[in-house]
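So the sequence shown is residues 0 to 981, counted in numbering that gives the first Met the number 0. Yeah, the Cβ is synthetic: ideal placement off N, Cα and C, and Gly gets one too. Single-structure report; data block below.
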Amino acid sequence: MVSAAPGYRLDLPREAVDAWRFEDLVARASATDDVADRRQLLAQALACWSGPAYAGSADAAWAAPEVPRLQELRLVAVELRADADLSLGRAAAVVPELERHLHDSPDREEAVRLLALALYRSGRQGDALGVLRRARERLAEELGIDPGSALRDLETAILGQVPALDLPGPRSAPLPAVPAPPPPPSLGRTAELRRLVELAAEGARVVWIAGEAGAGKTTLVEAAAARLREDGWQVLEGRCPEVDGAPPAWPWTEITRALGAAPLEEGTAFWLARAVAERLREAAREQPLLVVLDDVHRADELTLQLLRQVVDSLAGCPLLVLATYRDAEAGEALAATRAALASAGARHLELRGLDDDGIAVLARQHGLEDAGPAELVLLRERTDGNPLYVRELTRLLVAEGRGAARTGVPAGLRDVLRRRVERLPGTAVTALRQAAVLGREADVDVLAALAGRDVDEVLDALETAVLAGLLDEPAPGRVRFTHALVRDVLYEDTSLLRRARVHATALAVLREQGGVDAATLAHHAVAAAGPRTAVDAVPYVVAAAREAGRLGAAAEEARQWASALRLLELAGRRGGEEELAVLLPSISAHARAGDAVTARAQQRDAVRTARRLGRHDLLVDALAGWDAPLVWTVREGGAQDPVLLDPLLELLETPAEDGLPDDVRCRLLVALFREVEGVDDARADAASARALELARAATGPDAARLLCAALNVRAFTALGPDLVAQREPLAEELRAHAAAAGYTDHRAVAHWLLFLSAAGRTDLVAARRHVDTAVALADGGRLGHVLGTLQVFDGALLVLAGRHDEGRARYEQVAAHLAETGATNGALMALIGRFVAGFARGDLAPVADELAWLHSVMPGALTDAVVLGLLAAGRDAEARAAWQLRRPVSRDFYWLATTTLRAHAAVRLGDLPTARQAREDLLPWAGRIGGLDSGTLVVGPVDDALAAVAEALGEVDAAAAARRDADRVRRELAAQLAGVGL
Numbered sequence: 000m001v002s003a004a005p006g007y008r009l010d011l012p013r014e015a016v017d018a019w020r021f022e023d024l025v026a027r028a029s030a031t032d033d034v035a036d037r038r039q040l041l042a043q044a045l046a047c048w049s050g051p052a053y054a055g056s057a058d059a060a061w062a063a064p065e066v067p068r069l070q071e072l073r074l075v076a077v078e079l080r081a082d083a084d085l086s087l088g089r090a091a092a093v094v095p096e097l098e099r100h101l102h103d104s105p106d107r108e109e110a111v112r113l114l115a116l117a118l119y120r121s122g123r124q125g126d127a128l129g130v131l132r133r134a135r136e137r138l139a140e141e142l143g144i145d146p147g148s149a150l151r152d153l154e155t156a157i158l159g160q161v162p163a164l165d166l167p168g169p170r171s172a173p174l175p176a177v178p179a180p181p182p183p184p185s186l187g188r189t190a191e192l193r194r195l196v197e198l199a200a201e202g203a204r205v206v207w208i209a210g211e212a213g214a215g216k217t218t219l220v221e222a223a224a225a226r227l228r229e230d231g232w233q234v235l236e237g238r239c240p241e242v243d244g245a246p247p248a249w250p251w252t253e254i255t256r257a258l259g260a261a262p263l264e265e266g267t268a269f270w271l272a273r274a275v276a277e278r279l280r281e282a283a284r285e286q287p288l289l290v291v292l293d294d295v296h297r298a299d300e301l302t303l304q305l306l307r308q309v310v311d312s313l314a315g316c317p318l319l320v321l322a323t324y325r326d327a328e329a330g331e332a333l334a335a336t337r338a339a340l341a342s343a344g345a346r347h348l349e350l351r352g353l354d355d356d357g358i359a360v361l362a363r364q365h366g367l368e369d370a371g372p373a374e375l376v377l378l379r380e381r382t383d384g385n386p387l388y389v390r391e392l393t394r395l396l397v398a399e400g401r402g403a404a405r406t407g408v409p410a411g412l413r414d415v416l417r418r419r420v421e422r423l424p425g426t427a428v429t430a431l432r433q434a435a436v437l438g439r440e441a442d443v444d445v446l447a448a449l450a451g452r453d454v455d456e457v458l459d460a461l462e463t464a465v466l467a468g469l470l471d472e473p474a475p476g477r478v479r480f481t482h483a484l485v486r487d488v489l490y491e492d493t494s495l496l497r498r499a500r501v502h503a504t505a506l507a508v509l510r511e512q513g514g515v516d517a518a519t520l521a522h523h524a525v526a527a528a529g530p531r532t533a534v535d536a537v538p539y540v541v542a543a544a545r546e547a548g549r550l551g552a553a554a555e556e557a558r559q560w561a562s563a564l565r566l567l568e569l570a571g572r573r574g575g576e577e578e579l580a581v582l583l584p585s586i587s588a589h590a591r592a593g594d595a596v597t598a599r600a601q602q603r604d605a606v607r608t609a610r611r612l613g614r615h616d617l618l619v620d621a622l623a624g625w626d627a628p629l630v631w632t633v634r635e636g637g638a639q640d641p642v643l644l645d646p647l648l649e650l651l652e653t654p655a656e657d658g659l660p661d662d663v664r665c666r667l668l669v670a671l672f673r674e675v676e677g678v679d680d681a682r683a684d685a686a687s688a689r690a691l692e693l694a695r696a697a698t699g700p701d702a703a704r705l706l707c708a709a710l711n712v713r714a715f716t717a718l719g720p721d722l723v724a725q726r727e728p729l730a731e732e733l734r735a736h737a738a739a740a741g742y743t744d745h746r747a748v749a750h751w752l753l754f755l756s757a758a759g760r761t762d763l764v765a766a767r768r769h770v771d772t773a774v775a776l777a778d779g780g781r782l783g784h785v786l787g788t789l790q791v792f793d794g795a796l797l798v799l800a801g802r803h804d805e806g807r808a809r810y811e812q813v814a815a816h817l818a819e820t821g822a823t824n825g826a827l828m829a830l831i832g833r834f835v836a837g838f839a840r841g842d843l844a845p846v847a848d849e850l851a852w853l854h855s856v857m858p859g860a861l862t863d864a865v866v867l868g869l870l871a872a873g874r875d876a877e878a879r880a881a882w883q884l885r886r887p888v889s890r891d892f893y894w895l896a897t898t899t900l901r902a903h904a905a906v907r908l909g910d911l912p913t914a915r916q917a918r919e920d921l922l923p924w925a926g927r928i929g930g931l932d933s934g935t936l937v938v939g940p941v942d943d944a945l946a947a948v949a950e951a952l953g954e955v956d957a958a959a960a961a962r963r964d965a966d967r968v969r970r971e972l973a974a975q976l977a978g979v980g981l
């Protein structure tokens, strides 16, 4: 701090301010000619960003010009890094990042250029042209202008396949890349591929391969061609053109050219067929021939006539024709050709959707490297295994996340489906649009009532769509869209006004019909609601929420309550008792669904509203109504929230407590524990002990649930060092009571607690058993995505087994899931995983920037880890400054891990008094793996920390003994890891 007119100035080096450091790194990157160095500098520059520029001061006058300037510079840096990646030959890897970048900034022509170039270099010429076409349409529709010269030139070059577009030689050494293994050529079509090879061996002459657009017909025949080529076959290919204007019999022209023969001359079909057959016969004398005719549903009459005559003329020759077509688009000419060739022994193969393994392979091939069960189920439900749909939806999932993939339709796929629908009569299209409003499946009688038409008229319209392959008939009187994406395109192409009217009519029809579930009625009520009718829709949504709650579907219950709140907001009815009646059950529903962030936000709203209304009873309900087990801290960033904490203290630590019933006081104590654990150890211990005392004495219908909640928080307290002897008994008691009462959520949490207890004593077999049980219970119970945190344990074990990168990736995968589902501090798990992996391999420098960011936004949190990371990066001054902000180690489930790190950090800094105190605290825990009892922050044997302190204090013999003990712990750990397959 220095004096400077008109007051004081904070005088900092440029590297200490992230905005300045970012600009300097971008400038250095722009000045270097070495592509690899440029890419590394840009990556470092972009790592400076952790959110919007000047997010806390964006409204200030001084920030107004700076925010857009920095944001523009960030976009430029993203594009420069992508350009460097392209120069380094990383085209395929950069595509998902550029798709996300273009989605967020659709008007940037440089982003369009880079994405199109990356797609082209990845072998996706059609997709590249699609990106350019959509950019042209957007510019024309929204701005009335044409693309710039760079985009126009690139489009021309791609159409002409100009060699200059190919990757140039790098000006410096490229980044090392691990070549990916080639994907299985048949992608889930193993049985079909085997059948084609068998038919070739059997001497089949023609095989028709049918399937809808994107079913993988071309991929299958290419795989078959590759297999037969290895067996000595010559492969000739001809494709029926997609556009009009091509010469007749074009596929046969391509085939004869491939043989090196002269182009087909004009003549009658008979003589043309004789000429083609003769050329094929000559070729077949040397080796068997495979002729591939792709997309013959678009074949002209002459192409089909030549096919019939060539097959007839070459009877007895070693020739197999594979002809692919879309059965929904096959015309009369193709049907006649198939009938004519039946006498030649033609076989038929109809392609259905990919199996689950095929979907997984295709998803990974297109960027979804860490596809888990949830993503694969989503892809299966939305695509029915159609490879084109899987590919396009995977790209959408990678670019925009799971939320967009649940409801969005990729642009390229939308065009394909629209073309199929446009070929239908108008009456069929209308019926399809109305059916789309009803959902994936519809009752024909309901659809007729919705349309106000005779059932037979509706059946006639629907039959056309069935024959076109857009609908199927799962049961008499019902139709179902063959793919969810077909329904979504039809629904989204219907205007919002018309959709609302159809939804309103559907609600009236279904309500009159009776026997319809509450969720369906709520869906139509919400979709039809406007400002004047929103209040009328609320009862339907509340009924659906309560029905979901009775079924134990917490996520669906939470979604319905959130929808009811939006309806009240639409109607202008927020802020009163009417809203509180919805908010209170919504809090617990979101908590049980694992969305603690939303639950706490709603709890704060409910507390403020109850206080404003002067309703003491509703205030107590808002604070005590959270009915969900505690498996993870619910406070974002660990900070206490006075909106919730202050009224709890007023109710529990003032004379107001005297008027509370014991069961209410118990619930409020559980709520208080959530607000103080990890911060106020004494108050947390007292609250959990008193809550358990009250719960043990409780009677009534809710006594069992209350006891489980109190046991939960008391066992959570025992995860720290002070009640370690009570860990397992409390967890076992919780498990027994939860099992007896049928509370699956508390049973899962009990096994989570038992897992931590077993892990703490390095009994990995028992720990893994409890993990598996907890996850199995969570999948079928109420805490599925919250208990995803248990899967982090697998990442920790992988790190302990020396598989550092695999372990880190597991942490990051779980962190992404936790963050998406609303778990408090879920994203922080990725940083913990990177720290754990770096600590295990002895290199924390790569995570120093992230740790410094954590220290800047949460001073005092994980200070010991921050210090070690900064020291590893040579940033000693920053490390010492952070060390001054250290707090006493919280006596929670991170105590052993944090104390172990404190000993290491104190030794590195030469703070011998702190090191000596840490050793005194750790001695009773010798022989353990630090942090294994947390299941997440694993920091190696405690004895390593004891040895480091002894060495710093000059105690040579003690240090040597601790090192030997650490080696023994590692050997015992290796045996335990072997016991769990690692």
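Helix, strand or coil at His296 [DSSP, three-state]: Translated into the one-based positions of the sequence shown, residue 296 becomes position 297. If DSSP states are grouped into helix, strand and coil, His296 belongs with the helices.
Three CB pairs or more closer than 8 Å across the stretch 188-203 and the stretch 324-339: Short answer: they don't touch.
Straight-line Cα distance separating Leu867 from Ala904: Position 905 of the sequence shown, counting from 1, holds the residue named residue 904. Position 868 of the sequence shown, counting from 1, holds the residue named residue 867. Going by the C-alpha atoms only, they are around 6 Å apart.
At least three beta-carbon pairs within less than 8 Å, the stretch 436-446 to the stretch 480-487: Verdict: yes, contact present.
Beta-carbon contacts of Gly978 that lie in its chain and below 6 Å, excluding the five residues immediately before and after: As a working mapping, residue 978 is identified with position 979 in the sequence shown. The answer, listed in chain order, is Val764.
Leu235 versus Glu229, Leu258, Ala248, residue with shortest Cα-Cα distance: Taking the sequence shown and counting its residues from 1, one reaches residue 235 at position 236. Checked all of Glu229, Leu258, Ala248; the closest Cα to Leu235 is Leu258.
Cβ-based neighbour list, Gly811, same chain, cut-off 7 Å, excluding 5 preceding and 5 following: On the sequence shown, position 812 is the one that residue 811 refers to. Residue 811 is actually Glu in this sequence, not Gly. Only Ala829, Gly832 meet the Cβ criterion.
Cβ contact (3+ pairs, closer than 8 Å) linking the stretch 618-633 and the stretch 703-720: The stretch 618-633 is in contact with the stretch 703-720.
Inter-stretch contact (C-beta, 8 Å, three-pair minimum) for the stretch 501-515 and the stretch 470-480: With contact defined as three or more Cβ pairs closer than 8 Å, the stretch 501-515 and the stretch 470-480 are not in contact.
Where the alpha helix (DSSP H) through Ile254 begins and ends: Taking the sequence shown and counting its residues from 1, the one referred to as residue 254 is at position 255. According to the DSSP assignment, Ile254 belongs to the alpha helix (DSSP H) that extends over 249-257.
Environment of Val161 [buried if 16+ CB atoms lie within 10 Å]: For the purposes of this step, residue 161 is taken as the residue at position 162 of the sequence shown. Around the Cβ of Val161, a 10 Å sphere holds fewer than 16 other Cβ atoms; the residue is exposed.
Rounded straight-line distance, which links the Cα of Ala951 to that of Gly909: For the purposes of this step, residue 909 is taken as residue 910 along the sequence shown, with counting starting at 1. For the purposes of this step, residue 951 is taken as residue 952 along the sequence shown, with counting starting at 1. Approximately 8 Å between the Cα atoms of the pair.
Where Glu221 falls: helix, strand or coil (DSSP): Here the question's residue 221 lines up with position 222 in the sequence shown. Three-state DSSP puts Glu221 in a helix.
Beta-carbon proximity of Arg603 to Leu659, cut-off 8 Å: As a first step, residue 603 must be located in the sequence shown, where it is residue number 604. As a first step, residue 659 must be located in the sequence shown, where it is residue number 660. No, Cβ-Cβ distance for Arg603 and Leu659 is not below 8 Å.
8 Å Cβ cutoff met for Leu671 and Ala686: Working through the sequence shown from its first residue, we reach residue 671 at position 672. Working through the sequence shown from its first residue, we reach residue 686 at position 687. Contact flag set, yes.
Between the CA atoms of Thr772 and Ala590 - distance to the nearest angstrom: Indexing the sequence shown from 1 puts residue 590 at position 591. Indexing the sequence shown from 1 puts residue 772 at position 773. Approximately 22 Å between the Cα atoms of the pair.
Nearest-angstrom Cβ-Cβ length linking Ala902 and Ala944, presumed shorter than 8 Å: In the sequence shown, the residue the question calls residue 902 occupies position 903. In the sequence shown, the residue the question calls residue 944 occupies position 945. Between Ala944 and Ala902 the Cβ distance is about 4 Å, and since that is below 8 Å, they are a contact.
Those residues which DSSP pairs with Ala474 across a bridge: Numbered from 1 along the sequence shown, position 475 holds the residue referred to as residue 474. Beta-bridge annotation (DSSP): Ala474 is paired with Arg477.
Whether Val275 touches Leu321 by CB criterion (8 Å): Walking along the sequence shown from the start, residue 275 turns up at place 276. Walking along the sequence shown from the start, residue 321 turns up at place 322. Their beta carbons are not under 8 Å apart, which means Val275 does not touch Leu321 by this criterion.
Pro180 versus Leu79: straight-line alpha-carbon distance, rounded: Reading the sequence shown from its first residue, position 181 is the one you call residue 180. Reading the sequence shown from its first residue, position 80 is the one you call residue 79. Below a pLDDT of 50, predicted positions are generally treated as unreliable, and Pro180, at 35, falls in that range; the measurement from the model is reported next regardless. Going from the Cα of Pro180 to the Cα of Leu79 covers about 29 Å.
Residues of its chain near Asp661, where Cβ-Cβ distance is below 6 Å and the 5 sequence neighbours each way are ignored: Counted from its first residue, the sequence shown places residue 661 at position 662. Beyond the five residues adjoining it in sequence on each side, Asp661 comes within less than 6 Å, by CB distance, of Leu693 in the same chain, given in chain order.
CB contact flag (Val906, Asp942, <8 Å): Locating residue 906 in the sequence shown gives position 907, where the first residue counts as 1. Locating residue 942 in the sequence shown gives position 943, where the first residue counts as 1. No, these two residues do not count as a Cβ contact at 8 Å.
Proximity winner among Ala688, Asp645, Leu118, Arg73, relative to Ser104 (alpha-carbon distances): Here residue 104 refers to the residue found at position 105 of the sequence shown. The shortest C-alpha separation from Ser104 is found at Arg73.
Bounding residues of the alpha helix (DSSP H) (the contiguous stretch that carries Val846): The residue you call residue 846 lines up with position 847 of the sequence shown. Val846 -> no alpha helix (DSSP H), and no H or E assigned at all.
Same chain only: Cβ atoms within 6 Å of Leu40, ignoring 5 sequence neighbours per side: Residue 40 sits at position 41 when you count from the first residue of the sequence shown. Once the five neighbours on either side are set aside, the close Cβ partners of Leu40 are Leu24, Arg27, Ala28.
Alpha helix (DSSP H) runs wholly inside the stretch 497-567, at least 4 long, in chain order: Entirely contained in the stretch 497-567, the alpha helix (DSSP H) runs reaching 4 residues are, in chain order, 517-527, 533-549.
Collapsed DSSP secondary structure at Pro940 in the structure displayed: Here residue 940 refers to the residue found at position 941 when the sequence shown is read from its first residue. It is a strand residue.
Rounded straight-line distance, which links the Cα of Leu118 to that of His100: Numbered from its first residue, the sequence shown carries residue 100 at position 101. Numbered from its first residue, the sequence shown carries residue 118 at position 119. The alpha-carbon atoms of His100 and Leu118 are separated by roughly 14 Å.
DSSP-derived helix/strand/coil call for Arg760: For the purposes of this step, residue 760 is identified with residue 761 of the sequence shown, where counting begins at 1. Three-state DSSP puts Arg760 in coil, outside helix and strand.
Sequence-distant residues of its chain with Cβ nearer than 6 Å to Glu253 (five each side left out): Indexing the sequence shown from 1 puts residue 253 at position 254. Closer than 6 Å at the Cβ level, and outside the excluded window around Glu253, lie Gly237.
Close-in-space but distant-in-sequence residues of the same chain around Ser121 (CB under 8 Å, 5 per side omitted): Reading the sequence shown from its first residue, position 122 is the one you call residue 121. The residues are Ala90, Ala91, Val94.
Outcome for Ser756 when other beta-carbon atoms lying within 10 angstroms are tallied against a minimum of 16: Walking along the sequence shown from the start, residue 756 turns up at place 757. Burial check for Ser756: the Cβ neighbour count within 10 Å reaches 16 or more, so the residue is buried.
Cβ contact (3+ pairs, closer than 8 Å) linking the stretch 295-315 and the stretch 215-235: As far as the Cβ criterion goes, the stretch 295-315 does not touch the stretch 215-235, which means the pair count is below three.
N-terminal and C-terminal residue of the beta strand (DSSP E) that Asp207 is part of: As a working note, residue 207 is residue 208 in the sequence shown. For clarity, residue 207 is Trp in the given sequence; the question names Asp instead. Element bounds for Trp207: 205-209.
Residue burial classification, Gly794 (beta-carbon count within 10 angstroms, cutoff 16): By 1-based counting over the sequence shown, the position of residue 794 is 795. Buried, by the Cβ-count rule.
Outcome for Gly451 when other beta-carbon atoms lying within 10 angstroms are tallied against a minimum of 16: By one-based count along the sequence shown, residue 451 stands at place 452. Classification of Gly451: exposed, given that the 10 Å Cβ count is below 16.
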